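A.B. asks: Quick note on my numbering: the sequence shown kicks off at 14 and runs consecutively.
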Amino acid sequence: MSLTELLLLAFVLTVLALVTRVKFPAAYWSLFGLPAALYRVCAAYRQTMEACELTVSPPWWKVFAKKAMGKETARPGIPRIRAIRPTTTGLCLRLRLPAGLAPEHVVNSAERLRHAWAMHSAHVSEVKPGVVDLRMTGMDVLGTVRMPRRLVPGPLSAVVALREDGQPFVRNYREVPHALTMGASDSGKSMYQRCLIKALAPLETALVGIDCKRGVEQGPFAPRLSALATNPDQAEGLLDALVQEMEERYDLLCLHQGISPDTPLEDITSDIWGLPAKLRPIPIVVLVDEVAELFLIASKVDAPRRDRIVTQLLRLAQLSRAVGIYLEIAGQRFGTDLGKGATALRAQLTGRVVHRCNDKQTAEMGLGDISDLAVPAATAIAPERRGTAIAGDTSGGWTRIRTPLTTLGEAAAECRKYAHLTPNIPALEPFRPVAFEAPAPAPAS
């Protein structure tokens, strides 16, 4: 092959790589990025571990054996690679830690490993004692969100967004029953709720909406909603109906277990998932948009209504998990400035998704009890990265996520598609929204 042909081939490969990187990032990673990353990892693995201080002193018997045999000094111990698993966005190393190293040491060195191997991000998770997964991505997966095609989240679980390690972010109501979504205006809260409703629409669950912005956000989802409140007065009645439904479900549990109906609700610890399928009531997900509208009042005349709304919300947050009623609350702020009951309600919301915040105090309302590092991460989200958020729970774990671009029409179309799955719950029937059809155009005269 002549020099001209070699140069032409190199030019074609370069153009192909550049086009593939922009149009098909997953294919680019598999063809070009992955081989290069594997070479960087394997070629200087020990040197990288030693430079990142992920080493321990060799055992005494190795030192003694080396000296007895007159060989060079025993080298320090490093994490051993148990498996290498390529992914469509990066690769995952399963590491066996030597005695003396803990997962925290790998977490602290993750940023140095990322730079040493020229990866975009690195995340560490513990598999079992002494074994960790080092998951690295070779591209900015949150730049343009491409959700995995094969998603099997499980029962009562919804895939809402993509995590920065390339894994889907799953909203599992069996594990995290109640959640709080926060963020500044135009930060992506509505997009998150659209993706959530779109993912919940095909599931066997009832969706209940409270949207005090006259229903402009949740009104298009009416075909899939079992109930909808569009102002504080309707919200008060709807919450009363939900509490009534909760009490009836507890009565069902009492009758099934042989417990007296007069037993206090707090003393009943079982849940509906222990009931036979034919007796089990359908789960209900309550989506509250702009929760501050339920707390704020214009005059003292509205104070009794506000107190009742807050009381009913707090009762649901404390007691409804066992009977399959889950809260998904969204707002721009959620602190003591909203008034009495706000802090108590926030304490019951285990899941936290915080979008861009304009001040540290707002970020601390959602993430202050999760991690000190998560708070500045929320305030550092750029305005052009709409839909990016910090997701975590009160266990202390957190990660960056981003929802895929979903229009209101796409989510509404999904709700119309699965409108036949909308259950009829007698207690909520007075609040059942009516889906109006667009009027037909008048015939030309």
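Glycine included, every Cβ here is placed at the ideal spot set by N, Cα and C. All of these numbers come straight from a predicted model, not from anything done at the bench.
1. Determine whether the beta carbon atoms of residue 193 and residue 379 lie at a separation below 8 Å.
2. Any idea if residue 233 is buried or exposed, counting beta-carbon neighbours within 10 angstroms, 16 or more meaning buried?
3. Under 8 Å between the Cβ atoms of residue 303 and residue 353?
4. Alpha carbon to alpha carbon, how far is residue 351 from residue 126? Give it in angstroms, no decimals.
5. Would you call the segment 195 to 209 and the segment 367 to 382 in contact, with 3 or more CB pairs under 8 Å?
6. Please name the residue, chosen from 21, 205, 24 and 238, that lies closest to residue 342 on a Cα-to-Cα basis.
7. Reducing DSSP to helix, strand and coil, say where residue 442 ends up.
8. Per DSSP, what kind of secondary structure is residue 298 in: helix, strand or coil?
9. Count the other C-beta atoms from every protein chain shown that fall within 10 angstroms of the C-beta of residue 38, then say buried if there are 16 or more, exposed otherwise.
10. Does the structure place the segment 356 to 363 close enough to the segment 201 to 215 that three or more beta carbon pairs sit under 8 Å?
11. Does the distance from the C-beta atom of residue 105 to that of residue 148 stay below 8 Å?
12. Suppose you measure from the CA of residue 270 to the CA of residue 254; what does that come to, to the nearest Å?
13. With 16 other CB atoms within 10 Å as the buried threshold, where does residue 297 fall?
14. Considering just the uninterrupted stretch of the alpha helix (DSSP H) at residue 248, what are its terminal residues?
15. Whole angstroms is fine: what's the gap from residue 217's alpha carbon to residue 167's?
16. Taking C-beta to C-beta, are residue 93 and residue 108 nearer than 8 Å?
17. Check for me: the beta strand (DSSP E) holding residue 187 runs from which residue to which?
18. Which residue comes first and which comes last in the alpha helix (DSSP H) that contains residue 208?
19. With burial defined as no fewer than 16 other Cβ atoms inside 10 Å of the residue's Cβ, what is the status of residue 430: buried or exposed?
20. Pull up the distance between the alpha-carbon of residue 458 and that of residue 391, whole angstroms please.
C.D. replies: Taking the definition as stated:
1. The count along the sequence shown starts at 1 and reaches residue 193 at position 180. The count along the sequence shown starts at 1 and reaches residue 379 at position 366. Against a cut-off of 8 Å, the Cβ pair of residue 379 and residue 193 comes out as a contact.
2. Taking the sequence shown and counting its residues from 1, one reaches residue 233 at position 220. Buried: at least 16 other Cβ atoms inside 10 Å.
3. The residue labelled residue 303 in the question sits at position 290 within the sequence shown. The residue labelled residue 353 in the question sits at position 340 within the sequence shown. Taking 8 Å as the Cβ cut-off, residue 303 and residue 353 do not qualify as a contacting pair.
4. Along the sequence shown, read from residue 1 onward, the residue named residue 126 stands at position 113. Along the sequence shown, read from residue 1 onward, the residue named residue 351 stands at position 338. Their backbone Cα atoms lie some 44 Å apart in a straight line.
5. yes
6. What you label residue 342 is simply residue 329 of the sequence shown in a count that begins at 1. That would be 205, whose Cα lies nearest to the Cα of residue 342.
7. The residue you call residue 442 lines up with position 429 of the sequence shown. It is helical.
8. Working through the sequence shown from its first residue, we reach residue 298 at position 285. In the structure shown, residue 298 sits in a strand (DSSP, three-state: E or B).
9. Within the sequence shown, the letter at position 25 stands for residue 38. The residue is buried, with at least 16 neighbouring Cβ atoms inside 10 Å.
10. no
11. Taking the sequence shown and counting its residues from 1, the one referred to as residue 105 is at position 92. Taking the sequence shown and counting its residues from 1, the one referred to as residue 148 is at position 135. It is a contact, given that the beta carbons lie within the stated cut-off.
12. Here the question's residue 270 lines up with position 257 in the sequence shown. Here the question's residue 254 lines up with position 241 in the sequence shown. Whole-angstrom Cα-Cα distance: 24 Å.
13. What you label residue 297 is simply residue 284 of the sequence shown in a count that begins at 1. It is buried - the Cβ of residue 297 has at least 16 other Cβ atoms within 10 Å.
14. Translated into positions along the sequence shown, residue 248 becomes position 235. Residue 248 -> alpha helix (DSSP H) spans 245 to 270.
15. Start at 1 with the first residue of the sequence shown, and residue 217 comes out as number 204. Start at 1 with the first residue of the sequence shown, and residue 167 comes out as number 154. Distance between the alpha carbons of residue 217 and residue 167 is about 12 Å.
16. Taking the first residue of the sequence shown as 1, we reach residue 93 at position 80. Taking the first residue of the sequence shown as 1, we reach residue 108 at position 95. Their beta carbons are under 8 Å apart, which means residue 93 touches residue 108 by this criterion.
17. Looking up residue 187 in the sequence shown gives position 174. Here residue 187 belongs to no beta strand (DSSP E), and DSSP marks it neither H nor E.
18. Translated into positions along the sequence shown, residue 208 becomes position 195. Per DSSP, residue 208 belongs to the alpha helix (DSSP H) from 202 to 213.
19. Here residue 430 corresponds to residue number 417 of the sequence shown, with the count starting at 1. Residue 430 is exposed by the Cβ-count criterion.
20. On the sequence shown, position 445 is the one that residue 458 refers to. On the sequence shown, position 378 is the one that residue 391 refers to. Bear in mind that the predicted position of residue 458 carries a pLDDT of just 47, short of 50, making it too unreliable to give a figure here.
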